[in-house]
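Residue numbers (our numbering): 310 to 833. No residue lacks a Cβ here, since even glycine has one placed at the ideal position from N, Cα and C. Just so you know, these numbers come straight off a predicted model, no measurement behind them. Working notes, structure below.
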């Protein structure tokens with residue numbers, strides 16, 4: 310495979326771990342000899358049982374820290390009945406195991422890249438960088454795209470877990486192949502709990518259910534089919550919930566809390582129930598809302614997390630309720646992408662505790678107390694496709710690399726409050742924009758109040774076609790962090806830049822703690 314201009318440029322300027330970048334890059338993701346699997350061979354919706362990913366247990370613990378080992382490795386899975394699909398999973402699972410931690414306990418997670426030397430279809434080398442999305446990690450543990458780990462290497466990531474309760478997720482962030490690596494299966498939830506969340510009478514235990522929703526397309530041999538539509542996005546004709554196509558879940562006649570993560574590469578969704586019943590949104594990306602919001606439907610961009618309570622108590626036994634998707638603009642839709650999963654109401658007895666939603670959840674969340682008047686300055690991020698590349702303020706990640714990682718879009722001082730105005734005026738696409746490190750509050754969208762489901766702390770904001778969104782945040786921490794579109798095809802081609810939180814003393818370098826070659830030289 311020939312070298313691209315990017316590879317040649319990187320070889321001259323990239324230092325640290327990123328010097329290990331091999332001399333190839335897949336210019337565009339496209340499956341080869343195998344054609345797309347016929348829709349007649351796909352399973353009928355709501356014929357396969359729902360399943361929940363297992364919870365990962367620490368390898369060991371001490372007074373302050375929980376230690377985990379996770380191995381990224383290949384597997385063969387029967388995603389579609391009768392066909393085997395090559396995938397990559399954290400500990401060989403797709404999605405990976407859920408990590409559940411208590412506020413104030415530190416996590417050290419060893420991520421071992423045991424992936425093969427080449428992708429089975431696209432033939433690139435699967436270097437990785439693990440991002441705990443929603444964590445204020447130090448820069449060297451944040452999954453910086455150029456801080457890569459090649460097959461045969463590992464890295465120990467340290468997470469502080471100091472924030473309020475929330476649903477985070479860990480996923481690959483490796484430079485220029487994030488879309489393919491995540492589509493192969495490198496994604497999982499990470500749940501942080503705290504005393505306030507535990508004290509509320511909201512659903513818990515078996516009634517607190519993770520939903521990782523994604524979409525995929527398959528080749529005629531059962532392997533994943535890759536088509537990034539001229540670098541605009543990957544869209545599948547199969548909707549997967551926790552890795553199962555259109556599953557059906559048995560539910561008892563009470564309230565359930567669903568932690569919905571949009572883990573799709575590019576697709577956005579608009580959720581509703583075919584019964585016409587409302588849903589109650591209790592938490593957003595960065596934790597509990599000040600007050601719950603009851604909605605009939607809501608829009609959900611890639612990487613956003615919404616915790617939703619659905620009440621099945623008034624439904625008769627035997628009733629089926631379907632979670633539907635009314636697609637927002639600028640997706641590519643197929644026959645059954647308007648369906649997601651089904652809930653079948655059963656007569657089983659159940660625990661009646663933690664079965665309500667109070668009027669106040671977390672009214673003192675720090676991000677939600679910020680106002681426009683608190684900001685010391687306003688900055689603008691323009692999202693534009695320029696000369697075939699996706700850019701932020703005209704910049705790409707190649708420009709960051711070319712600058713020897715000195716180029717930044719913003720340089721707030723530690724503790725500053727700023728307004729960021731994110732503008733998508735080029736038309737034809739939507740951009741779910743993720744700002745690492747911080748929690749923010751959405752101030753307005755095209756001058757109007759945010760949508761009801763957005764009235765909570767966020768770290769990803771959906772910026773639709775011709776929308777301008779203003780967010781306000783306090784920048785706590787220090788060092789360089791990424792800003793990017795979470796349509797992962799846009800990120801890979803090359804809608805990613807960075808900002809730096811500055812302080813008087815030294816800051817952490819994102820490339821200061823590189824990976825280590827196997828075999829493991831010390832135990833956690």
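Let's test the definition: count the other Cβ atoms within 10 Å of the Cβ of residue 462 and tell me whether it reaches 16, buried, or not, exposed. On the chain shown, residue 462 is found 153 positions in, with the first residue counted as 1. Result: buried.
task = Compare the Cα-Cα distances from residue 830 to each of 421, 401, 605 and 416 and report the closest residue.
result = Here residue 830 refers to the residue found at position 521 when the chain shown is read from its first residue. Nearest option by C-alpha distance: 421.
Reference residue 379, options 689, 407, 370 and 371, closest by Cα: By one-based count along the chain shown, residue 379 stands at place 70. If we check each option's Cα against that of residue 379, 407 comes out closest.
**Message:** Taking DSSP's pairing of strands, which residues face residue 825 in a bridge?
**Reply:** Against the chain shown, residue 825 aligns to sequence position 516. Per DSSP, 463.
Margin query: Along the chain, where does the alpha helix (DSSP H) containing residue 490 start, and where does it finish?
Written below: In the chain shown, residue 490 corresponds to position 181, counting from 1. 487-492 is the extent of the alpha helix (DSSP H) around residue 490.
Rounded C-alpha distance that separates residue 775 from residue 539:
Locating residue 775 in the chain shown gives position 466, counting from the first residue. Locating residue 539 in the chain shown gives position 230, counting from the first residue. So the alpha carbons of these two residues sit roughly 21 Å apart.
Residue nearest to residue 747 in terms of C-alpha spacing, selected from 732, 728, 734 and 736: Locating residue 747 in the chain shown gives position 438, where the first residue counts as 1. Ranking 732, 728, 734 and 736 by Cα distance to residue 747 puts 728 first.
| said: I'd like to confirm the pairing. Which residues does DSSP put opposite residue 806 in its beta bridges? | reply: Against the chain shown, residue 806 aligns to sequence position 497. DSSP lists 792 as partners of residue 806.
For the alpha helix (DSSP H) containing residue 291, list its first residue and its last residue.
-> A question about residue 291 goes unanswered here, because the residues of the chain that appear run from 310 up to 833.
Inset, instruction - Between the Cα of residue 664 and those of 574, 818, 603 and 561, spot the shortest distance and give me the residue it belongs to. - result: In the chain shown, residue 664 corresponds to position 355, counting from 1. When each option's Cα is compared against that of residue 664, the closest is 561.
Would you grab the beta carbon distance between residue 520 and residue 570 for me? Rounded to a whole angstrom, and I think it's under 8 Å.
By one-based count along the chain shown, residue 520 stands at place 211. By one-based count along the chain shown, residue 570 stands at place 261. So it is a contact: roughly 7 Å between Cβ atoms.
message: Can you look up residue 354 in the DSSP assignment and give me helix, strand or coil?
response: As a first step, residue 354 must be located in the chain shown, where it is residue number 45. The answer is coil: DSSP assigns residue 354 none of H, G, I, E or B.
*Report yes if the C-beta distance between residue 476 and residue 674 is below 9 Å; otherwise report no.*
Stepping through the chain shown from its first residue, residue 476 is reached at position 167. Stepping through the chain shown from its first residue, residue 674 is reached at position 365. No, Cβ-Cβ distance for residue 476 and residue 674 is not below 9 Å.
Give the DSSP-derived three-state secondary structure of residue 536 in the structure shown.
Locating residue 536 in the chain shown gives position 227, where the first residue counts as 1. It is a strand residue.
For this session: For residue 426, collect the residues of the same chain with a Cβ closer than 7 Å to its Cβ; drop the 5 residues on either side in sequence, then sort them by chain order.
Result: The residue given as residue 426 occupies position 117 in the chain shown. Around residue 426: 434 and 460.
Do residue 785 and residue 810 have their beta-carbon atoms positioned less than 9 Å apart in this structure? Working through the chain shown from its first residue, we reach residue 810 at position 501. Working through the chain shown from its first residue, we reach residue 785 at position 476. Their beta carbons are under 9 Å apart, which means residue 810 touches residue 785 by this criterion.
Q. Closest to residue 589 by CA distance: which of 610, 616, 573 and 583 is it?
A. In the chain shown, the residue the question calls residue 589 occupies position 280. Closest option to residue 589, Cα to Cα, is 616.
I'd like to check one pair, residue 395 with residue 402: are the Cβ atoms closer than 9 Å?
In the chain shown, counting from the first residue as 1, residue 402 sits at position 93. In the chain shown, counting from the first residue as 1, residue 395 sits at position 86. Cβ atoms of residue 402 and residue 395: not closer than 9 Å.
Requested in this report: State yes or no: is the C-beta of residue 796 within less than 9 Å of the C-beta of residue 805?
Outcome: Here the question's residue 796 lines up with position 487 in the chain shown. Here the question's residue 805 lines up with position 496 in the chain shown. Taking 9 Å as the Cβ cut-off, residue 796 and residue 805 do not qualify as a contacting pair.
From what residue to what residue does the beta strand (DSSP E) around residue 582 run? Mapped onto the chain shown, residue 582 falls at position 273. Element bounds for residue 582: 578-582.
If contact is defined by three or more beta carbon pairs under 8 Å, each pair taking one atom from either stretch, is the segment 752-770 in contact with the segment 630-649?
no
Worksheet entry | Residue range of the unbroken alpha helix (DSSP H) whose run includes residue 800 | Here residue 800 refers to the residue found at position 491 when the chain shown is read from its first residue. From DSSP, the alpha helix (DSSP H) with residue 800 extends over 797-801.
Original post:
Since residue 497 sits in a beta bridge, which residues does DSSP pair it with?
Top reply: In the chain shown, counting from the first residue as 1, residue 497 sits at position 188. DSSP lists 479 as partners of residue 497.
- prompt: Whole-angstrom Cβ separation of residue 633 and residue 583, contact assumed at under 8 Å?
  reply: Numbered from 1 along the chain shown, position 324 holds the residue referred to as residue 633. Numbered from 1 along the chain shown, position 274 holds the residue referred to as residue 583. Between residue 583 and residue 633 the Cβ distance is about 5 Å, and since that is below 8 Å, they are a contact.
**Prompt:** What's the call for residue 827, buried or exposed, on a 16-neighbour Cβ count within 10 Å?
**Reply:** On the chain shown, position 518 is the one that residue 827 refers to. It counts as exposed.
Item to complete: Report the three-state DSSP secondary structure of residue 552 (helix, strand or coil).
Response: Locating residue 552 in the chain shown gives position 243, where the first residue counts as 1. Coil, per DSSP.
inquiry  = On the CB-based measure, 16 or more other CB atoms within 10 Å of its CB, does residue 720 come out buried or exposed?
reply    = Walking along the chain shown from the start, residue 720 turns up at place 411. Its Cβ having fewer than 16 others within 10 Å, residue 720 is exposed.
Proximity to residue 717 [Cα-Cα], best of 697, 758, 791 and 754 = Indexing the chain shown from 1 puts residue 717 at position 408. Here the closest residue by C-alpha is 791.
| query | In three-state terms, what does DSSP make of residue 507? | reply | Along the chain shown, read from residue 1 onward, the residue named residue 507 stands at position 198. Correct three-state label for residue 507: helix.
- Environment of residue 470 [buried if 16+ CB atoms lie within 10 Å]: Here residue 470 refers to the residue found at position 161 when the chain shown is read from its first residue. By the neighbour-count rule (16 or more Cβ atoms within 10 Å), residue 470 is buried.
Taking Cβ positions, are residue 862 and residue 592 nearer each other than 9 Å? Residue 862 cannot be examined here, being either before or after the span of the chain that is shown, 310 to 833.
Below 8 Å on the Cβ atoms is my guess for residue 753 versus residue 761; work out the distance and round it to an integer in Å. Position 444 of the chain shown, counted from the first residue, corresponds to residue 753. Position 452 of the chain shown, counted from the first residue, corresponds to residue 761. At roughly 14 Å, the Cβ-Cβ gap does not stay under 8 Å, so residue 753 and residue 761 are not in contact.
Exercise for review: Return the first residue and the last residue of the beta strand (DSSP E) that residue 843 is part of.
Suggested key: One cannot answer for residue 843 here, as it falls past the ends of the chain, which runs 310 to 833.
Out of 372, 345, 389 and 348, which one is the CA nearest neighbour of residue 358?
As a position in the chain shown, residue 358 is number 49, starting the count at 1. The residue with the shortest Cα to Cα distance from residue 358 is 389.
- Query: Using 8 Å as the Cβ pair cut-off and three pairs as the minimum, do the segment 525-537 and the segment 488-505 touch?
  - Reply: yes
Identify, in the order they occur along the chain, each residue of the same chain with its Cβ nearer than 8 Å to the Cβ of residue 414, setting aside the five sequence neighbours on each side.
-> Your numbering for residue 414 matches position 105 in the chain shown. Result list for residue 414: 373, 374, 375 and 470, in chain order.
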